[in-house]
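Chains as they are written, first to last, in this note's numbering: chain C, 98 to 399; chain P, 682 to 1015. Notes for the one structure printed next.
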């Protein structure tokens, strides 16, 4: 075997490991990310298997339970106690995970898809198209996120779908900017020039050559956006403007709305849903940070 | 420098036009016509028709848009449906409250965040460093309103150290010439009121400042870690400058550059957070006002308030850009 052949073999041996495999190995060696995965795992399991895990009907009211004042705390029958209307808090938390996860995933995917689309076009086409799209994104960024979401919900009316759109749209400019700058950095790279030279079509250069290489910051941002989305949904719920009927749909944020007056007698009513939000958000933040470090080892510990 | 400022100002124009179109379209997308929402239950077909004619709602859209631009550029946002007061008058009262709260929050975040981030970087990998990383992670993961409720529970309800609601003692009847209560108390030399106003600010400011605190700590730490290996820092050390001088004049000064932009970017977060914080503490600022407006379907308040806040946000970002160019001359020419 000649030296050149030996090198070729070596390159081949290393190549399949690649960016993703390396990143994965770094990720699972990061204790923070592992904790994040555990939190998110618990959250997702609760959301998916809510009907099996919940011990009671989350919307069934039992006013007898609060006959002696609000509200009985945790007990063997009601693990997290009962709320102002005598509903089982544990079951409401479990079903609440469902609402948060569903809205979060749909909203982020929605924001991501639209942002990716416009960002990719702006970055790749450039010129007037680029400035038009980006100025529009600037306008969207000029309205603070929660305010934008409130405005959208005010226009569309409350409801699950409406909240998803509101929270998702707030994400559009963030992804559009990110993808655009990633693409600008790739546009003149050698592999793009090479693809052009051999006559690959415009859109397949964009979608099969540039985007896959611009994707790692997008994944990191999407994970962190999940965390923000859960907080935003809870914020809208807390303000009482998210869901059509907060009594019917158990949502974590709205559980914190009416407990203000009961802080003295039943602080657990605020503490438990609040902790549920923190744990799920923390989970996504930890994974996001871990991913960022894994994909860009220079950032380690920063 | 002048050219830079002019260019930034020119960039403002398309944003303002876009913003006004966005808000204009948004008003029209709101459920129920303005006539319905203003007239409420009194709305009869005749009244609605009269109203539409009086306010020119039958005119073509571009005529309406132009009229809308003309009136809003005079800060005339109409009259609140709920209180029947001029929206701009209410903004004059409530905006200072939110500014006071946001400034207090930012002060808390910077005064604590920069030293914390600096110490964490200096003791890289040590206990303080890990604690600060962990704390800032919690800081960005805890919803503002939950932290506000926690603070209220511990320090107001349980310990009773600080007031739990409002901006000033309810029995206070002092004059407020500027509506910035802190400033008012200082110019009238009313120290008892000043103490009262500050006590009301503490908890909301800490709650609202938690996210900027987490971010500023993190950025300061990363920035100091970057800067302290620069050649000029090594040179400064090598020529025998006192470590404290190197820390202050060479490391911190350069590390603060990215931090100043981050502080500007927090304004949007602060405005969003203010809505939630003010709601928890019944703090009479822009945020709690907008929240009530949503419930009352008070569209004049909503459109006036949202447009006004977006304007403030855009202007603050512009000021941050300009101040950044002053601090860091390198940016001007790029």
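The beta-carbon is built from N, C-alpha and C at its ideal position, and this holds for glycine as well. Note that the structure is predicted; figures quoted are calculated from it, not measured.
>> For residue 355/C and residue 178/C, I'd like the C-alpha separation in whole angstroms.
In response: Distance between the alpha carbons of residue 355/C and residue 178/C is about 16 Å.
>> Spatial neighbours of residue 826/P within its chain, please: C-beta separation below 6 Å, excluding the five flanking residues on both sides.
In response: 957 and 961
>> Among 940/P, 847/P and 812/P, whose alpha-carbon lies nearest the alpha-carbon of residue 878/P?
In response: 847/P
>> Going by DSSP in three states, residue 179/C sits in which element: helix, strand or coil?
In response: strand
> Quick one: is residue 398/C near chain P, going by C-beta distance under 9 Å?
Replying inline: For residue 398/C, the pLDDT reaches just 49, beneath the cut-off of 50, and the residue's location in the model is therefore unreliable, although a value from the coordinates is still provided. Closer than 9 Å: yes.
>> Classify residue 349/C: buried if its beta carbon has 16 or more other beta carbons within 10 angstroms, exposed otherwise.
In response: It is buried - the Cβ of residue 349/C has at least 16 other Cβ atoms within 10 Å.
> Between the C-alpha atoms of residue 835/P and residue 258/C, what's the straight-line distance to the nearest angstrom?
Replying inline: Between residue 835/P and residue 258/C, the C-alpha separation is close to 37 Å.
> Quick one: does residue 953/P have its CB under 9 Å from some CB of chain C?
Replying inline: yes
> Can you pull the DSSP bridge partners for residue 760/P?
Replying inline: 767/P
> Listed from N- to C-terminal order along the chain, which residues in the region 978-991 of chain P have their beta-carbon within a distance smaller than 7 Å of any beta-carbon of chain C?
Replying inline: 983, 987, 990 and 991
> Shorter than 9 Å from the beta carbon of residue 972/P to some beta carbon of chain C?
Replying inline: It does: the Cβ of residue 972/P has a partner Cβ on chain C nearer than 9 Å.
> Which residue from 189/C, 216/C and 121/C puts its Cα closest to that of residue 315/C?
Replying inline: Nearest of 189/C, 216/C and 121/C to residue 315/C, Cα basis: 216/C.
> Any beta-carbon of chain P closer than 9 Å to the one on residue 237/C?
Replying inline: Interface flag for residue 237/C against chain P is set, since a Cβ pair is found closer than 9 Å.
> How far does the alpha helix (DSSP H) with residue 329/C in it reach, from first residue to last?
Replying inline: 308-336
> Closest Cβ-Cβ distance between residue 749/P and chain C: below 9 Å?
Replying inline: no
>> Excluding the 5 residues flanking residue 871/P on each side, which residues of the same chain have their C-beta closer than 7 Å to its C-beta?
In response: 855
>> Between the alpha carbons of residue 858/P and residue 865/P, how many angstroms are there, rounded?
In response: 6 Å
> Can you list, in chain order, the residues of the region 243-270 of chain C whose Cβ is nearer than 7 Å to any Cβ on chain P?
Replying inline: 243, 244, 247, 248, 251, 252 and 254
>> With a threshold of 9 Å between beta carbons, is residue 241/C in contact with chain P?
In response: For residue 241/C, the nearest CB of chain P lies under 9 Å from its own CB, placing it at the interface with that chain.
> Quick one, which residues of the region 811-824 of chain P are near chain C if we go by CB-CB under 8 Å, in chain order?
Replying inline: 818, 819, 821, 822, 823 and 824
> If we cut at 9 Å on Cβ distances, does residue 923/P have a partner in chain C?
Replying inline: no
>> Any beta carbon from chain P within less than 9 Å of residue 148/C's own beta carbon?
In response: no
> Taking three-plus beta-carbon pairs below 8 Å as touching, is the region 285-299 of chain C in contact with the region 231-241 of chain C?
Replying inline: no
>> Within a Cβ cutoff of 6 Å, which residues of the same chain sit near residue 682/P, ignoring the five residues on either side of it in sequence?
In response: none
> Near residue 129/C, which residues of its chain fall below 7 Å by C-beta distance, leaving aside the five closest residues on each side in sequence?
Replying inline: 383, 386 and 387
>> Would residue 1005/P pass as an interface residue toward chain C - the criterion being a Cβ-Cβ separation below 9 Å?
In response: no
> Using CA coordinates, which residue listed in 306/C, 246/C and 150/C is at the minimum distance from residue 189/C?
Replying inline: 150/C
>> Only counting the same chain, and skipping five residues up and downstream in sequence, which positions put a Cβ closer than 6 Å to that of residue 885/P?
In response: 782, 958, 962 and 964
> What residue range is occupied by the uninterrupted alpha helix (DSSP H) comprising residue 929/P?
Replying inline: Unbroken run through residue 929/P: none, as it is neither H nor E.
>> Using only the alpha-carbon positions, how far apart do residue 740/P and residue 971/P sit?
In response: 29 Å
> By the criterion of Cβ-Cβ separation under 8 Å, what are the contact partners of residue 336/C in chain P?
Replying inline: 956, 957, 960, 972 and 975
> Name the chain C residues whose beta carbon is nearer than 8 Å to that of residue 841/P?
Replying inline: When 8 Å is used as the limit between beta carbons, residue 841/P is near no residue of chain C, the shortest such separation being about 11 Å.
> Does DSSP classify residue 979/P as helix, strand or coil?
Replying inline: coil
> Going along chain P, which residues have a C-beta under 8 Å from residue 369/C?
Replying inline: The premise fails here: residue 369/C is roughly 11 Å from chain P at the closest Cβ pair, so nothing lies under 8 Å.
> So which residues of chain C does residue 695/P contact, with C-beta pairs closer than 7 Å?
Replying inline: 232
>> Using DSSP's beta-bridge definition, name the partner residues of residue 907/P.
In response: Assignment of beta-bridge partners to residue 907/P by DSSP yields no partner.
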